[in-house]
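In our numbering, the protein residues as written are 833 to 1198.
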């Protein structure tokens, strides 16, 4: 019978003591205990930090939906949010022409969904694809918790066979660890999704394997079935936990996050400058109106001045209201600067767009 002899690896403290004895020095037990306590405290800090990150991820989720035209991305986004947030079509005609983002509360958490046009489509021009990919990254910054590839059951196309490659092109090489498949048209699946996957072709099985065999299914005809939505988030939470409780990020996302902050700051400066200019004009007009009333009062008799004083008060109130409304308008714009800067890919010169003030405003309302 082989003897189970203990080694220094089993008892690291004994190994330290043995080495100290050989060196002719007494082992410093107090030092070893202190080191052990420091190590345990650091491990505790790391555990708490991971817990905080995980808590943030389950209280807020950013989701990017990608896939082929007609796969059901917009319908799935509407099912998740429980409302018609995105334009969708039952037919294969793609309603989504460009990236868009909506936020809502689902299951006690804030959920942000980025809906994309058919970035898997070979019919899109290279310029369009690059622009929409840049916008998708902008809108999902600082990084998505989940990248969901939407595939319509029973129609696995050539474009969808390259799903892994497309995800890497859009988000980066390591994005597959944050990706899952969402099958749509669940009403057409007989025998359950597990049986459907088991009987799927090798190409689809290979993609599922690359994405960690993570998948879910939606019946978008039953948006009132919130169980399917809750189950999706349970799977997303498991995936986030497997990724140390963090969302996906890489150098591109870090660079984009910094760029967006800088552009937000620039745009706020534009709004503040425009506000100061408009308030200055309004105050000048107000002062002119009040001066005219004062001059007119000097020529009036005492009895007539009382009526003019009331008119002065009304005039002052009207101009104060105009100034306050102008301030309210620009305060609203400043709160929405993030929305505007996300519409502008990093390939475009933002300074030129800021210089064209009316065009910058129009981005806000489109």
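We put the CB at the ideal spot given by N, CA and C, even for glycine.
Less than 8 Å separates the beta-carbon of residue 1061 from that of residue 911. For the 8 Å CB-CB criterion, residue 1016 and residue 907 form a contact.
Excluding five sequence positions before and after residue 992, the CB atoms of its chain that fall closer than 7 Å to its own CB belong to 900, 952 and 983, given in chain order. Between residue 1112 and the set 1152, 1089, 1124 and 1091, the nearest pair of CA atoms involves 1152.
Residue 1069: member of the alpha helix (DSSP H) spanning 1058-1074, first to last residue. Rounded to whole angstroms, the separation of the alpha carbons of residue 1173 and residue 1161 is 18 Å. The residue from 1159, 938, 897 and 1176 with its alpha-carbon nearest to that of residue 1010 is 897. Between the region 968-983 and the region 1065-1085 there are three or more C-beta pairs closer than 8 Å, enough to call the two in contact. According to DSSP, residue pairing for residue 1011 in a beta bridge involves 979.
Separation of residue 1166 and residue 944 (C-alpha to C-alpha, rounded to the nearest whole angstrom) is 20 Å. By the criterion of a C-beta distance shorter than 6 Å, residue 1051 is surrounded in its chain by 1018 and 1019, once the five residues flanking it on both sides are discounted. By the C-beta density criterion, residue 1036 is buried, having at least 16 other C-beta atoms within 10 angstroms.
Sequence-distant Cβ neighbours of residue 1118 in its own chain, meaning closer than 6 Å and more than five residues away, are 1151. Per DSSP, the continuous alpha helix (DSSP H) segment holding residue 1084 begins and ends at 1083-1130. Look at residue 1186 here: in three-state DSSP terms it is helix.
For residue 892, the three-state secondary structure derived from DSSP is strand. Under the three-state reduction of DSSP output, residue 1171 falls in the helix class.
Secondary structure at residue 1018: helix, using DSSP grouped into helix, strand and coil. At the C-beta level, residue 1039 and residue 995 come within 8 Å of one another. Looking from the CA of residue 1008, the closest CA among 1183, 981, 971 and 956 belongs to 981.
As the crow flies, the alpha-carbon of residue 1158 is around 7 Å from that of residue 1107. Burial is judged here by how many other beta carbons sit within 10 angstroms of a residue's own beta carbon; residue 968 has at least 16 and is buried. Each residue's CA atom was taken as its position, placing residue 1021 and residue 988 some 14 Å apart.
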